[in-house]
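Protein chains: 2
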Amino acid sequence: MNKNIVLASTSTLFGEAYLQYLTPVIKELFEGIDEIIFVPFARPGGISHDDYTAKAAGAFAELGIKVTGLHTFSDPAAAIHQAKGFFTGGGNTFLLVKQLHEQGLMQVLKNAVENGKPYMGASAGSNIGGINMQTTNDMPIVYPPSFDTMGLVPFNLNPHYIDPIPGVAHMGETRETRIKEFHTQQTIPVVGLREGSWIRVKGRHITMEGSQPAKIFTAGNAAYELEPGSPLNL
Amino acid sequence: MNKNIVLASTSTLFGEAYLQYLTPVIKELFEGIDEIIFVPFARPGGISHDDYTAKAAGAFAELGIKVTGLHTFSDPAAAIHQAKGFFTGGGNTFLLVKQLHEQGLMQVLKNAVENGKPYMGASAGSNIGGINMQTTNDMPIVYPPSFDTMGLVPFNLNPHYIDPIPGVAHMGETRETRIKEFHTQQTIPVVGLREGSWIRVKGRHITMEGSQPAKIFTAGNAAYELEPGSPLNL
Numbered sequence: 078m079n080k081n082i083v084l085a086s087t088s089t090l091f092g093e094a095y096l097q098y099l100t101p102v103i104k105e106l107f108e109g110i111d112e113i114i115f116v117p118f119a120r121p122g123g124i125s126h127d128d129y130t131a132k133a134a135g136a137f138a139e140l141g142i143k144v145t146g147l148h149t150f151s152d153p154a155a156a157i158h159q160a161k162g163f164f165t166g167g168g169n170t171f172l173l174v175k176q177l178h179e180q181g182l183m184q185v186l187k188n189a190v191e192n193g194k195p196y197m198g199a200s201a202g203s204n205i206g207g208i209n210m211q212t213t214n215d216m217p218i219v220y221p222p223s224f225d226t227m228g229l230v231p232f233n234l235n236p237h238y239i240d241p242i243p244g245v246a247h248m249g250e251t252r253e254t255r256i257k258e259f260h261t262q263q264t265i266p267v268v269g270l271r272e273g274s275w276i277r278v279k280g281r282h283i284t285m286e287g288s289q290p291a292k293i294f295t296a297g298n299a300a301y302e303l304e305p306g307s308p309l310n311l
Numbered sequence: 078m079n080k081n082i083v084l085a086s087t088s089t090l091f092g093e094a095y096l097q098y099l100t101p102v103i104k105e106l107f108e109g110i111d112e113i114i115f116v117p118f119a120r121p122g123g124i125s126h127d128d129y130t131a132k133a134a135g136a137f138a139e140l141g142i143k144v145t146g147l148h149t150f151s152d153p154a155a156a157i158h159q160a161k162g163f164f165t166g167g168g169n170t171f172l173l174v175k176q177l178h179e180q181g182l183m184q185v186l187k188n189a190v191e192n193g194k195p196y197m198g199a200s201a202g203s204n205i206g207g208i209n210m211q212t213t214n215d216m217p218i219v220y221p222p223s224f225d226t227m228g229l230v231p232f233n234l235n236p237h238y239i240d241p242i243p244g245v246a247h248m249g250e251t252r253e254t255r256i257k258e259f260h261t262q263q264t265i266p267v268v269g270l271r272e273g274s275w276i277r278v279k280g281r282h283i284t285m286e287g288s289q290p291a292k293i294f295t296a297g298n299a300a301y302e303l304e305p306g307s308p309l310n311l
């Protein structure tokens, strides 16, 4: 298998433009490719598929890559078969997964990516690269027919991973507590992916990349930090 | 209908003992009642049903109320029919809702409470008092057969409601953003219930109570604050 994948924690760093910090990553991932399909189904803030696609298209236009929204094709499965690459934007993972399952596209997209077409995800778009979406931070605003996702990597992701903020007396669960609760039910490892970091898959090799270490959670063990540049062998 | 219900944001305030701040509320809600059923299915941190029930029993023992875990009955539906009152503890709302639906108890519990048996919920236990669980903050660590809950009140709850923390550059969605995303899909009003606050239902009257105002979200309108003591007519 010749996988070529980037799964990023976030699309946007604080104070920066959309996808700005990922520009070198995008250039390398989509090298030689002049058009991709954008999957807009996560609809951050309820933005329309058209508006969300226009936002992505604007950022990719600066890199000479044309973007077409998956929602614009009358036969989206055929469009995925014919596509040269993919970007799935962030937003609400429940919305995204519901659409992909209901349109029968989850497996189609998985096959295309496993056959070597480059894929980039950000946030919700990275969650669906994991085995299931059950370590998302998102609110269950719709009911998907299944929580299973593409399993492009042999673990789950928790994008926007955040450490407890010192001095905050709020009694809601911390992110670490939530992921440990997940491990009372499932044994899938979880990569807590801090903002500014991403996972890079090239064939059989999976590495942590970016500006911050990841926090790695495996069932029954203490969590640990993994520095950028390290292989991700869970 | 003679409803008698407390839906609290949290079981525990920072630095306090379990249920401590709710002691006067519990005394009034369960006045004249010497035993209740505890619903332990939300299992915070993966705690066992037995251990969680022991924790609740310890707090209620000081008030002279005996607590029995719903999981200990061979016929839990019959136990609910015969019970004098209920407390559902916090934890993971997906776990709680899955158990209640799979055991066929959601409607049984709803009927018992609507017929006047006192009910207290905390956090996840309050979420199930709403129309559905789709404004929970919890991670979807299991897949419930439905997101529908008891609808004891004509709106949804968001327990542990928290305002954006000034100066934090994290790009994950704020709670307000998530609830607004919910309103791109559904029109059910949402009560953002801050810690230290609860909803009190007495018959047809629903009021906000506690130490902090609630934040009220209705589809298509600006959110607003509602002071303790105010009627909740959404």
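Line by line, the protein sequences give chains A and Y.
Using my numbering, the first residue of the first sequence is number 78, and each one after it goes up by one.
Using my numbering, the first residue of the second sequence is number 78, and each one after it goes up by one.
Glycine included, each C-beta is placed from N, C-alpha and C at the ideal position.
At what residues does the alpha helix (DSSP H) containing residue i begin and finish?
i                 : result
Asn188 of chain Y : 183-191
His178 of chain Y : 170-179
Arg255 of chain A : 252-259
Gly110 of chain Y : The sequence shown places Ile at residue 110 of chain Y, not Gly. Segment: none, Ile110 of chain Y is in no alpha helix (DSSP H) and carries neither H nor E.
Leu106 of chain A : 100-106
Which stretch, first to last residue, makes up the beta strand (DSSP E) that contains residue i?
i                 : result
Asn233 of chain Y : 233-238
Ala131 of chain Y : Not the beta strand (DSSP E): Ala131 of chain Y falls in the alpha helix (DSSP H), residues 126-138.
Ala296 of chain A : Where Ala296 of chain A is concerned, there is no enclosing beta strand (DSSP E), given that its DSSP letter is neither H nor E.
Ile157 of chain A : It is not in any beta strand (DSSP E) - Ile157 of chain A instead sits in the alpha helix (DSSP H) that spans 153-159.
Leu270 of chain Y : 267-271
Val144 of chain A : 143-146
By DSSP's criteria, residue i is part of a beta bridge. Which residues make up the other side?
i                 : result
Thr165 of chain A : A:Val116, A:Gly198
Thr284 of chain A : A:Arg277, A:Pro308
Lys80 of chain A  : Lys80 of chain A is not bridged to any residue.
Asp225 of chain A : A:Asn209
Glu302 of chain Y : Y:Lys292
Ala85 of chain A  : A:Ala199, A:Trp275
Compare the Cα-Cα distances from residue i to each of the options and report the closest residue.
i                 : options                                : result
Ile265 of chain A : Y:Glu286, Y:Val219, Y:Pro243           : Y:Val219
Phe163 of chain Y : Y:Asn81, Y:Lys257, Y:Trp275            : Y:Asn81
Ala156 of chain Y : Y:Glu108, Y:Phe115, Y:Pro290           : Y:Phe115
Asp152 of chain A : A:Val83, A:Val185, A:Leu172            : A:Val185
Gly228 of chain A : A:Ala189, A:Arg252, A:Gly122           : A:Ala189
Gly208 of chain Y : Y:Thr261, Y:Thr130, Y:Ile113, Y:Phe232 : The residue you asked about is not Gly; residue 208 of chain Y is Ile in the sequence shown. Considering only alpha carbons, the answer is Y:Phe232.
Gly122 of chain Y : Y:Ser223, Y:Ala201, Y:Pro308, Y:Glu258 : Y:Ala201
Asn169 of chain Y : A:Asn310, A:Gly287, A:Lys257           : A:Lys257
Arg281 of chain A : A:Glu304, A:Leu309, A:Ala131, A:Ser288 : A:Leu309
Pro305 of chain A : A:Arg120, A:Gly109, A:Asn204, A:Ile276 : A:Ile276
Leu182 of chain Y : Y:Leu173, Y:Glu191, Y:Ala154           : Y:Ala154
Ile283 of chain Y : Y:Glu272, Y:Leu303, Y:Glu250           : Y:Leu303
Leu106 of chain A : A:Tyr98, A:Gln263, A:Lys279            : A:Lys279
His247 of chain A : Y:Thr226, Y:Gly273, Y:Lys132, Y:Glu108 : Y:Gly273
Ile110 of chain Y : Y:Ile142, Y:Glu93, Y:Lys132            : Y:Ile142
Asn204 of chain A : A:Pro195, A:Gly193, A:Asn192, A:Thr226 : A:Thr226
Ala94 of chain A  : A:Ala160, A:Gly249, A:Lys187, A:Gly135 : A:Gly135
Lys194 of chain A : A:Ala119, A:Ile113, A:Glu179, A:Lys132 : A:Ile113
His126 of chain Y : Y:Gly166, Y:Gln97, Y:Ser307            : Y:Gly166
Thr100 of chain Y : Y:Ala296, Y:Gly287, Y:Leu311           : Y:Gly287
Asn235 of chain Y : Y:Gln176, Y:Ala138, Y:Thr251           : Y:Thr251
Arg255 of chain Y : Y:Leu311, Y:Tyr98, Y:Ala300, Y:Ser223  : Y:Ala300
Lys161 of chain A : A:Asn192, A:Val174, A:Gly92            : A:Asn192
Ala119 of chain A : A:Leu177, A:Asn79, A:Val83             : A:Leu177
Phe171 of chain A : Y:Phe224, Y:Val245, Y:Glu253           : Y:Phe224
Gly297 of chain Y : Y:Thr261, Y:His158, Y:Ser307           : Y:Thr261
Glu179 of chain Y : Y:Val230, Y:Gly244, Y:Pro222           : Y:Pro222
I'd like to confirm something about residue i: is its beta-carbon nearer than 7 angstroms to some heavy atom of the ligand ATP, or not?
i                 : result
Arg281 of chain Y : By its list of ligands, the structure shown contains no ligand whatsoever, and the ligand ATP lies outside what it can speak to.
Q.
Using a Cβ distance threshold of 8 angstroms, determine whether the segment 84-92 of chain A contacts the segment 140-154 of chain A, with at least three qualifying pairs required.
A. no
Q: Would you check if there are 3 or more beta carbon pairs closer than 8 angstroms linking the segment 233-244 of chain A to the segment 198-214 of chain A?
A: yes
Q: Decide if the segment 251-270 of chain A is in contact with the segment 292-301 of chain A; the criterion is three or more beta carbon pairs, one per stretch, under 8 angstroms apart.
A: yes
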